[in-house]
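Before any comments, here is the structure.
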Amino acid sequence: MEQTKVVLLFLLFLPPGRGGSLENYVNTEGAFLFSGMKKHLEVGSISECVTKCEEETEFICSRSFQYHSKEQQCVIMAENRKSSTINRRRDVILFEKKIYLSECKTGNGKSYRGTMAKTRSGLACQKWSDNFPHVPKYIPEKYPSEGLEENYCRNPDNDQHGPWCYTTNPDVRFEFCDIPECEDECMHCSGENYQGKISKTVSGLDCQAWDSQSPHAHGYLPSKFPNKNLKMNYCRNPDGEPRPWCFTMDLNKRWEFCDIPRCTTSPPPSGPTHQCLKGKGETYRGNVAITASGHTCQRWSEQTPHKHNRTPQNFPCKNLDENYCRNPDGESAPWCYTTNVDVRWEHCNVPSCDSSASSTEAIMPPEQTPVVQECYQGNGQTYRGTSSTTITGKKCQSWLSMTPHHHYKTPENYPDALGKEQNLPLNPCYLPDIYSRGSFRNSKTCDDLTRSLICTPTLGTWLNRTPCSQSHFPIDCMFGNGKQYRGKKATTATGTLCQGWAAQEPHRHNIFTPETNPRAGLEKNYCRNPDGDVNGPWCYTMDPKKLFDYCDVPLCDTTPSVDCGKPKVEPRKCSGRVVGGCVANPHSWPWQSSLRTKRSGVHFCGGTLISPEWVLTAHHCLQRFPSPLSYKVVLGAHKERNLEPDVQTIDVSKQFSGPSGADIALLKLSRPAQITEKVIPACLPPANYVVADQTECYITGWGETQGTSGDGLLKEAQLPVIENKVCNRREHLGGRVQATELCAGLLSGGTDSCQGDSGGPLVCFEKDKYILQGVTSWGLGCAQVNKPGVYVRVSRFVTWIESIMREN
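According to mature numbering (1 follows the signal peptide of the UniProt record, and there is no 0), the sequence shown holds residues -19 to -1, 1 to 789 in order.
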């Protein structure tokens, strides 16, 4: 389900009859709320439903409504997700009043409608409708618009000190409640939850919109970080800085902090803390003060021997006490600055809260690592692959976790289905986007492994890099959910004739008409899928008792030679400790190329096949000899030496260096490579595409392994992309990374590309294929702590690549 991102503006409660706006609601597509107190209404639009909801007087308060698009029906309800259960259902949009979802107050809290029911001293609140132990002056019957329900803290008399309640203690008639301020005009802690509209930096520069890549390209994409509220160009703190910041509209200043005032009230409770390691250790509050290698930790409040901004003042909610190991900024584990002048910071060895966990992580040898099938049969109930993102790109919530979504589909309740997997998406997924629940996974059916599109609108293939057009699709079959189907089937699966989309008989409707959806192909009475229904094309029917039904449109079965970015052998995709990593499944990265000199035939650099005649590599790999005739490329190999008999060795006929001295180069082969199950091109990204921060990608190569085993065999490693803003911090690469480059690696060290991997690929899985996002370029050492690898950002050179290939 796709959550429309909205700024949480906590507006004053509107009494019935005052009208309303969608700005006052949070909406969730595909969410269905079970409510005992509700009313069904026939309406023609969502705005009409809003009006009906605001005018409702029968309920104590109307918290939410659901809009059923095809039926054009509105269901007004007195409950929301806090008091009732949400389930997944297509063709429904749930709208919930923001004011009832908020657990903070604006101003004196007159509009507070949260569920806090204890006073600041910890006394339980008395119900507003009770007469014991205190006879109340403010009761629901006399003050119906003040939200006096249950025993929740409220401010019916507009007290300047904020919400209060009568207490259950006979000796204390009433007491104020400790409700935190909403972070719309001020910030708690380091502003991680700031929701306001300040959009200028401390020096007065205008902020760049988060969904824009101009003037500064960046990896903080709103679509990839739905919980960070990266709305408009408002100052935010998505990466653990001391306070909110933004990219600026000044070409000479990539980003800058914003001046957000601190809230005057206490911050919301931080939740439970631990004396042992849970997750990444952000809740650790123990007293370990020595790093993993034995260095004593520097006190957080001191600036010697290392100057830093991770101070108790900048991170007031992170308990940066003494010199204890902490994780204030989302690192992979607790850490500290050290008292050793030569070692700026290091992680700490904090004992795990899981008493059953072994002291050292058992790493399965590469040859024993199971190969899972990344496709499903039937409805996917037996799927056990490793895909953990939904169709819309959202990361799945761990099956063991109850946040942000509470659910009952746990490994304990479903041991045969879930086993010990963490966030593997079976059927369905739970998502860590609190407003997007129960979306389905992005896995192919096993039958789909033999089907693929000839073209693709955004990513393209080496067969056809033009956008898909209707001529590519057979007329009486569909791809995917059939949203692009333009055939002439006009009966439902049960044989009922379809009603014309422009007709209003026998069913009146105004949502899906040729006028309202001019690009949906709503011609005559042909089956269509204007709303992207997962069940495929449908239509309104000529049966007065059946509003709509689905059509039986077959899937297209076209099999082009090969798509780019789709290996025939499933990659291992190991994330274990190229340096580190693991030995790849043979031929699972079929675009991997080995660059060699004709004279010695020894591998010295990697490359990536991007079409049958072209290989992309690093410019610095070609500095041995000026002539392209000195080089050859080996394709389809798994072993660096003792090459397999079916590898393809092809001479290089031309070479082209990247523009403006960039470390990228194109090699034209003397003849086209034969595309086989072992030799397949990788896909190029769209021009200027930016990989989101923390995207998991993969590097491969035969380079230096530094004693981590697998020497002489193709190795792979999984690495997260690190936003350039973070990578350029002083403690990492100190401003050396350019906009035409990207970083990837573990700041804790241990896994990286190295000598001999140069020119090789960094690929990221997107939707259903691997996209070449980086060319291995340089680094400060190999697999060093705080020193991630640097890769040429391929998307910045796609236009150049395509022009060279077209003209040569």
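In this text, a Cβ means the ideal position worked out from N, Cα and C, and glycines have one as well. Just so we're clear, the structure is a prediction, and the values are computed from it rather than from any experiment.
Determine the closest residue to residue i out of the options, with distance taken between C-alpha atoms.
i: Ser581; options: Val31, Val614, Glu712, Leu590; result: Val614
i: Gly502; options: Cys520, Pro487, Asn516; result: Cys520
i: Val534; options: Lys469, Cys317, His600; result: Lys469
i: Asn233; options: Cys55, His197, Asp692; result: His197
i: Leu665; options: Leu597, Pro392, Asn174; result: Leu597
i: Phe155; options: Glu164, Thr494, Pro144; result: Pro144
i: Ser608; options: Asp165, Thr780, Phe637, Ser26; result: Phe637
i: Asn709; options: Phe46, Ala484, Val718; result: Val718
i: residue 862; options: Ala599, Asn669, Val628, Leu536; result: Any property of residue 862 remains undetermined from this structure, which presents the chain solely from -19 to 789.
i: Pro223; options: Leu301, His255, Phe606, Trp191; result: Leu301
i: Ala12; options: Asp159, Gly642, Gln54, Thr66; result: Thr66
i: Thr741; options: Lys748, Trp683, Val269; result: Sequence check: residue 741 is Gly here, not Thr. Gly741 has its Cα closest to that of Trp683, out of Lys748, Trp683, Val269.
i: Val56; options: Tyr81, Phe15, Ser92, Gln754; result: Phe15
i: Trp595; options: Pro548, Arg787, Gly693, Ile160; result: Arg787
i: Gly260; options: Pro525, Phe40, Ser379; result: Ser379
i: Lys78; options: Glu52, Val31, Ile120, Lys123; result: Val31
i: His169; options: Gln294, Leu695, Thr475; result: Gln294
Tell me the residue span of the alpha helix (DSSP H) that contains residue i.
i: Ile27; result: 27 to 36
i: Ser784; result: 779 to 788
i: Cys708; result: 705 to 708
With a threshold of 6 Å on Cβ separation, who are the neighbours of residue i within its own chain once the five nearest residues in sequence on each side are excluded?
i: Cys188; result: Ser180, Asn214, Cys227
i: Ile74; result: Asn8, Glu10, Tyr48
i: Asn491; result: Gly25
i: Arg774; result: Thr721, Glu722, Leu723
i: Thr780; result: Ala668
i: Cys555; result: Cys563
i: Asp310; result: Gly221
Note down, in chain order, each residue of its chain lying with its Cβ closer than 8 Å to the Cβ of residue i, except the 5 sequence neighbours on either side.
i: Leu258; result: Tyr265, Ala314, Pro315, Val331, Pro332, Ser333, Cys334
i: Asn61; result: Leu14, Arg44, Ser45, Glu77, Lys78, Tyr81, Leu82
Indicate whether residue i and residue j have their beta-carbon atoms separated by less than 9 Å.
i: Leu648; j: Val633; result: yes
i: Pro499; j: Arg509; result: no
i: Ser83; j: Cys134; result: no
i: Lys63; j: Thr87; result: no
i: Asn208; j: Arg217; result: no
i: Gly588; j: Ser569; result: no
i: Phe778; j: Pro662; result: no
i: Thr522; j: Leu478; result: yes
i: Val183; j: Leu104; result: no
i: His601; j: Ser739; result: yes
i: residue 791; j: His199; result: Outside the shown range of the chain (-19 to 789) lies residue 791, about which nothing can therefore be said.
Using a Cβ-Cβ cut-off of 7 Å (strictly less than) and excluding sequence neighbours within five positions of residue i, which residues of its own chain qualify?
i: Asp111; result: none
i: Val324; result: His276
i: Asn174; result: Glu164
i: Glu321; result: First, the residue type needs correcting, since residue 321 is Asn and not Glu in the sequence shown. Correct list, in chain order: His276.
i: Thr254; result: Thr264, Arg266
i: Gln256; result: Arg266, Gly267
i: Lys635; result: Pro609, Lys649, Asn789
i: Arg280; result: Glu303, Asn304
Span of the beta strand (DSSP E) holding residue i?
i: Asn8; result: 6 to 14
i: Leu82; result: Not the beta strand (DSSP E): Leu82 falls in the alpha helix (DSSP H), residues 79 to 82.
i: Val322; result: Neither: Val322 is in no beta strand (DSSP E) and is coded neither H nor E.
i: Gly770; result: 770 to 774
i: Gly682; result: 677 to 682
i: Met18; result: It is not in any beta strand (DSSP E) - Met18 carries neither H nor E in the DSSP assignment.
i: Gly716; result: No beta strand (DSSP E) holds Gly716; DSSP gives it neither H nor E.
i: Phe238; result: 236 to 238
i: Gln754; result: 750 to 759
i: Leu723; result: 722 to 725
i: Tyr48; result: 45 to 49
i: Arg577; result: 573 to 578
i: Gln54; result: 54 to 58
i: Asp335; result: Asp335 -> no beta strand (DSSP E), and no H or E assigned at all.
i: Trp519; result: 519 to 521
Determine, for residue i, whether the minimum Cβ-Cβ distance to residues of chain B falls below 9 Å.
i: Lys505; result: No chain B is part of this structure, which consists of one protein chain only.
Legend entry - Continuous alpha helix (DSSP H) assignments of at least 4 residues falling wholly in the stretch 448 to 507: none
Legend entry - Ranges of the beta strand (DSSP E) found wholly within the stretch 147 to 194, counting only runs of at least 3: 155 to 157
Inset, instruction - Would you mind listing the beta strand (DSSP E) stretches within the stretch 581 to 663 that are 3+ residues and don't spill past its ends, in chain order? - result: 584 to 592, 595 to 598, 612 to 616, 629 to 638, 646 to 650
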